[in-house]
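Residue numbers (UniProt numbering): 1 to 319. Even glycine gets a Cβ: it sits at the ideal position worked out from N, Cα and C. Quick caveat, the model's predicted, so the values are computed rather than measured.
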């Protein structure tokens, strides 16, 4: 029956999305390719598909490989820094993250690092390390030999020597993120600097659509001044929420029903080591939908609610 066929696919949909997101770093593209996989599943000869899980994974993975090949050239033309799309993970959108390895596999730091890999290296790495596929299974999915799969994994691991390690507990990470937010909101530069690692790096993604720093900001002093300045504009109705994004603490900037900015704080050794700030509204649509919000350009929200940024700053100085 057609309904049984659809129900069987829907049972696999969450896992397919989790695989696609790790391969692409884009929730929107992962959703698109999961839907394309469904269309192929719907047209498939039932007698040919003997193991649905394996068949679906093979189709999705190969669709992702094709998308990754074209994405490389698109990202070379991207305005400013390209970052993955943040996803809320405390609702298991990317599958269970009960181990350090699985949490690491969805962190923005790891997804950025995986941009170094070829599409096949990325696929082997994700399938093996994040989902525990055996090399024999990976070989069948990618149409390579088992020994080749093993060699590709070793190459991928060599490229990822700088892979992130998060030694703090979930409660510690959240506590440090909340302290970071309080210090930035209060303009407390000394407190901010104490929370930041000396070699902290902050990266922002505006995609040429929303205002954002186009180069990474490095060092505790410069990063502290940058984030204190971000909250220097008195935006009426601004609400800042700490949630779990990609397995790490994240800060949502919400105005009314609009999500305007996301900041992911990655903690190690009790200090903030990496900060990812996403303001490109195209990168926020999936997360906004998860939260029951809409994604909007933060500059447009400021203009709609309070006039221009310069007017806001002038008003602040007149107080």
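Note to self: So, for residue 135: in the same chain, excluding its five sequence neighbours on each side, which residues have a beta-carbon less than 6 Å away from its beta-carbon?
What the structure shows: Same-chain partners within the cutoff: 146, 149 and 150.
Checklist line | C-beta contact flag for residue 245 and residue 293 at 9 Å | finding: It is not a contact, given that the beta carbons lie outside the stated cut-off.
Next item on the list: Give the secondary structure of residue 270 by DSSP, where H, G and I count as helix, E and B as strand, and everything else as coil.
Entry: Residue 270 falls in the coil class under three-state DSSP.
Next item on the list: Look at the Cβ atom of residue 56, then the Cβ atom of residue 33, and state whether they are nearer than 9 Å.
Entry: Not closer than 9 Å, so no.
Next item on the list: For the segment 260-274 and the segment 186-205, state whether three or more C-beta atom pairs, one from each stretch, are separated by less than 8 Å.
Entry: Taking one beta carbon from each stretch, the segment 260-274 and the segment 186-205 have 3 or more pairs nearer than 8 Å; the two touch.
Checklist line | CA-to-CA distance, residue 114 to residue 218, given in whole angstroms | finding: About 21 Å.
Note to self: Can you tell me which residues form a DSSP beta bridge with residue 217?
What the structure shows: According to DSSP, residue 217 shares a beta bridge with 202.
Note to self: Would residue 240 and residue 223 be called neighbours here (beta carbons separated by less than 9 Å)?
What the structure shows: The answer is no: Cβ separation not under 9 Å.
Notebook entry, point to check: Distance, Cα to Cα, residue 66 vs residue 140?
Noted result: C-alpha separation (whole angstroms): 17 Å.
Checklist line | Euclidean distance between Cα positions of residue 212 and residue 3 | finding: Our two residues, residue 212 and residue 3, have alpha carbons roughly 47 Å apart in a direct line.
Check: Using the beta-carbon count (16 or more within 10 Å), is residue 99 buried or exposed?
Finding: Sixteen is the threshold: since fewer than 16 other Cβ atoms of the shown chains lie within 10 Å of the Cβ of residue 99, the residue is exposed.
Note to self: For residue 262 and residue 278, which I take to be in contact (beta-carbon distance under 8 Å), what is that distance rounded to the nearest angstrom?
What the structure shows: Yes, residue 262 and residue 278 are in contact; Cβ-Cβ is about 5 Å, under 8 Å.
Notebook entry, point to check: In or out: residue 51 buried (at least 16 other Cβ within 10 Å) or exposed?
Noted result: So residue 51 ends up on the exposed side.
Note to self: What does the alpha-carbon distance come out to for the pair residue 121 and residue 227?
What the structure shows: The C-alpha of residue 227 is placed about 36 Å away from the C-alpha of residue 121.
Check: What do you get for residue 77, buried or exposed, if any count of 16 or more other CB atoms within 10 angstroms of its CB means buried?
Finding: Counting Cβ neighbours within 10 Å, residue 77 comes out exposed, since fewer than 16 surround it.
Checklist line | Beta carbon of residue 117 nearer than 9 Å to that of residue 156 | finding: Residue 156 sits close to residue 117, with the two beta carbons spaced by under 9 Å.
Notebook entry, point to check: In the structure shown, what three-state DSSP assignment does residue 261 receive?
Noted result: Strand.
Note to self: So within the segment 36-120, which uninterrupted alpha helix (DSSP H) runs reach at least 4 residues, ignoring any that extend past its ends?
What the structure shows: Listed in chain order, the complete alpha helix (DSSP H) runs (minimum 4 residues) inside the segment 36-120 are 52-76, 100-106 and 108-113.
Margin query: Assuming residue 239 is part of the beta strand (DSSP E), what are its boundary residues?
Written below: It spans 238-245 - the beta strand (DSSP E) in which residue 239 sits, taken as one unbroken run.
Next item on the list: Please classify residue 315: is it buried, with 16 or more other beta-carbons within 10 angstroms of its beta-carbon, or exposed?
Entry: With a pLDDT of only 43 at residue 315, under the threshold of 50, the placement of this residue in the model should not be trusted; the figure read from the coordinates follows. It is exposed - the Cβ of residue 315 has fewer than 16 other Cβ atoms within 10 Å.
Next item on the list: Please report how far the alpha carbon of residue 188 lies from the alpha carbon of residue 276, in whole angstroms.
Entry: When the Cα atoms are used, residue 188 and residue 276 turn out to be separated by approximately 20 Å.
Checklist line | CB contact flag (residue 17, residue 94, <9 Å) | finding: Yes, these two residues count as a Cβ contact at 9 Å.
Check: Using a Cβ-Cβ cut-off of 6 Å (strictly less than) and excluding sequence neighbours within five positions of residue 103, which residues of its own chain qualify?
Finding: Same-chain partners within the cutoff: 97 and 247.
Next item on the list: Ignore the nearest five residues each way along the sequence and tell me which others in residue 45's own chain have a CB closer than 7 Å to its CB.
Entry: Closer than 7 Å at Cβ, skipping near neighbours: no residue.
Checklist line | Span of the beta strand (DSSP E), counted from its first residue to its last, around residue 322 | finding: Outside the modelled stretch of the chain, which goes from 1 to 319, sits residue 322, for which no answer is possible.
Item checked: Runs of alpha helix (DSSP H) wholly within the segment 165-200 (minimum 4 residues, chain order) -> 170-185 and 189-195, all fully within the segment 165-200.
Next item on the list: Please confirm if residue 141 has its CB atom under 9 Å from at least one CB of chain D.
Entry: No chain D is part of this structure, which consists of one protein chain only.
Checklist line | Contacts around residue 221, its chain only, beta-carbon distance under 7 Å, and the 5 residues preceding and following it disregarded | finding: Around residue 221: 193.
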